[in-house]
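To start, the structure itself, in structure tokens.
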Amino acid sequence: MRSYSMYFKMILLVLWFFWSRAGQDNALPSCKFIECVAQRFAINRAARTRRFLRRQMMLREEFAAFLANCNSRSSVRSIWMRQRCGVWWEHVLTRWTDCEWKENFRMRKTTFLKLCNILHPHLHRETTTFRKAVPVVQRVAICVWRLATNVEFRTISHLFGIGQSTAVTIANHVSSIIVEKLLSVYIKTPSAHDFRNIIQGFRDQWGFPQCGGAIDGTHIGILAPPESPADYYNPKGFYSVILQGVVDHRLCFWDINVGWPGKVHDARVFGNSSLYERGQSGTLFPNITERFGGIDVPVVMLGDAAYPLLPWLMKPYPENQQMTPAQLTFNNRLSKARMTVERTFGRLKGRWRCLRKRYDCHINNINNIIAACCILHNFCEINNEEYDDIDVHEENEAHELSPYQANAIANASRDALSLYFSNL
Numbered sequence: 008m009r010s011y012s013m014y015f016k017m018i019l020l021v022l023w024f025f026w027s028r029a030g031q032d033n034a035l036p037s038c039k040f041i042e043c044v045a046q047r048f049a050i051n052r053a054a055r056t057r058r059f060l061r062r063q064m065m066l067r068e069e070f071a072a073f074l075a076n077c078n079s080r081s082s083v084r085s086i087w088m089r090q091r092c093g094v095w096w097e098h099v100l101t102r103w104t105d106c107e108w109k110e111n112f113r114m115r116k117t118t119f120l121k122l123c124n125i126l127h128p129h130l131h132r133e134t135t136t137f138r139k140a141v142p143v144v145q146r147v148a149i150c151v152w153r154l155a156t157n158v159e160f161r162t163i164s165h166l167f168g169i170g171q172s173t174a175v176t177i178a179n180h181v182s183s184i185i186v187e188k189l190l191s192v193y194i195k196t197p198s199a200h201d202f203r204n205i206i207q208g209f210r211d212q213w214g215f216p217q218c219g220g221a222i223d224g225t226h227i228g229i230l231a232p233p234e235s236p237a238d239y240y241n242p243k244g245f246y247s248v249i250l251q252g253v254v255d256h257r258l259c260f261w262d263i264n265v266g267w268p269g270k271v272h273d274a275r276v277f278g279n280s281s282l283y284e285r286g287q288s289g290t291l292f293p294n295i296t297e298r299f300g301g302i303d304v305p306v307v308m309l310g311d312a313a314y315p316l317l318p319w320l321m322k323p324y325p326e327n328q329q330m331t332p333a334q335l336t337f338n339n340r341l342s343k344a345r346m347t348v349e350r351t352f353g354r355l356k357g358r359w360r361c362l363r364k365r366y367d368c369h370i371n372n373i374n375n376i377i378a379a380c381c382i383l384h385n386f387c388e389i390n391n392e393e394y395d396d397i398d399v400h401e402e403n404e405a406h407e408l409s410p411y412q413a414n415a416i417a418n419a420s421r422d423a424l425s426l427y428f429s430n431l
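Numbered according to my numbering, the sequence shown terminates at residue 431, and the numbering increases by one at each position without gaps.
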């Protein structure tokens, strides 16, 4: 309606124009001329209408195509996610041999996929509107690669085709899940039946009877923490936390204690552990005894000079005194059997190079990292992932500093074992 009123207004304006000039040249427009003007306006209006309708149709077609395109493709974070290349990881997953997997991931591909299947329920993420989820296999690979190589997260970011902050988050999260879900499965106090196998294993391999495990501690290098850094500065001259471990004859951990500052002595770490509480309460080892020289010797653990002599923990005779041949023989046998824990630490740090040198992460994450490495070590050993530990040797200086008093039972057990060894 509005367009028609505009049309008539324009006709009236033309008529007024000619009327105003009538006094000058006495010429009024003819009806034919007025009809021509009206016809021209009508033609122009029709052309404008056709152009408008064509534009509207084109816009509707473009909008329909846009909607169809959005519905036909998955959502991609094209604005706030930088596109990265994951060709290297695809090559690893499809082309690498077992030898290459073992060299870089410390396990064969089949063993790695077994680990992924175990962790899948706890690591699986759904792809959302805003981002594509990182597959579980890639998540586990990022964590294992970091632990095995200790390379910078910037390098991991380029290799796996993800962001650097994403790599850090994934590595820490996978480590925490490994500890949360697998610690009680792969590192646990053996059953009575398992202890019998461990005792027999130490006897067969090193000739030491009644041995249920070997204990020691090792330092894991860290960045100087912001709070109380002096407490973490150890006698060896670097910042560290302490890993206390007990191992069996197969070089597998069955107890770990992680997180004490590097300045703390091994004996104090041991005395404040749940292992010590269970040992003192008689709930650590099964009631299995063997008689030597009229003495019933219980199941014992082997430690170096830094540990106390207890009925359930044997240590060598002090070397600062005149030793008998029997005592020398005992010390030699104990040292050979106790090498299992040193070899285990050597394999642990050889497999997971992040523990071999300083591990750069926040102090709140280091305990999970160390515990995850111990769990993965056991996982590899149980799955027969052989490791050549010729090039690794864990050196640990034992300083005798024990506030515990050896009781008569402990001394009698040690003397009975030394006499047994001397008579072999």
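Ideal Cβ placement from N, Cα and C applies to all residues, glycine included. None of these values were measured; they are calculated from a predicted model.
In this structure, what does DSSP give as the bridge partners for residue i?
i	result
W267	I249
P308	In the sequence as displayed, the identity of residue 308 is Met instead of Pro. BP columns for M308 point to G220 and L320.
E297	V304
D211	Answer is none; D211 lacks a bridge partner.
Y366	I229
Just verifying my parser: in three-state terms, what is the DSSP assignment at residue i?
i	result
A199	helix
R161	helix
T225	strand
I302	strand
F428	helix
L316	coil
V254	strand
Y239	helix
W261	strand
H272	coil
R138	coil
N204	helix
Q63	helix
D395	coil
G244	coil
R47	helix
G168	coil
F292	coil
R52	helix
N124	helix
R115	coil
N418	helix
Drop a sphere of 10 angstroms on the beta-carbon of residue i, count the other beta-carbons inside from all chains shown, and report buried for 16 or more, exposed for fewer.
i	result
C381	buried
A53	exposed
G286	buried
R84	Only weak support exists for where R84 lies, its pLDDT of 47 falling under 50; the value from the coordinates is given anyway. The residue is exposed, with fewer than 16 neighbouring Cβ atoms inside 10 Å.
P216	buried
L60	exposed
T290	exposed
L154	buried
I50	exposed
G224	buried
L431	exposed
A34	Annotation note: pLDDT 49 at A34 (below 50); position unreliable, no value reported.
K109	buried
Could you please give the first and the last residue of the uninterrupted alpha helix (DSSP H) stretch that includes residue i?
i	result
I185	Q171 to Y193
N374	I370 to I389
A148	V143 to T156
A333	P332 to R358
W108	D105 to F112
G286	S281 to S288
R132	Careful: R132 lies outside any alpha helix (DSSP H) and carries neither H nor E.
L100	V94 to R102
Any Cβ of chain D within less than 7 Å of the Cβ of residue i?
i	result
K116	Judged by its chain identifiers, the structure shown contains no chain D, having just a single protein chain.
Evaluate the contact criterion for the region 418 to 429 versus the region 294 to 308: three or more CB pairs, one atom per stretch, below 8 Å.
yes
Determine contact between the region 325 to 337 and the region 189 to 201, defined as no fewer than three beta-carbon pairs at a distance below 8 Å.
no
Evaluate the contact criterion for the region 362 to 371 versus the region 212 to 229: three or more CB pairs, one atom per stretch, below 8 Å.
Inter-segment contact for the region 362 to 371 and the region 212 to 229 is present: three or more beta-carbon pairs are separated by less than 8 Å.
On the three-pair Cβ rule with 8 Å, is the region 352 to 363 touching the region 115 to 132?
Contact between the region 352 to 363 and the region 115 to 132 is absent, because fewer than three Cβ pairs lie under 8 Å.
Assess contact between the region 176 to 191 and the region 273 to 290, defined as three or more Cβ pairs (one per stretch) separated by less than 8 Å. Is contact present?
no
Is it a yes or a no for the region 152 to 162 touching the region 122 to 133, going by three-plus beta-carbon pairs under 8 Å?
no
Taking contact to mean 3 or more Cβ pairs, one atom from each stretch, closer than 8 Å, check whether the region 234 to 243 and the region 255 to 263 are in contact.
no
So does the region 205 to 213 actually touch the region 135 to 150, counting three or more Cβ pairs closer than 8 Å?
no
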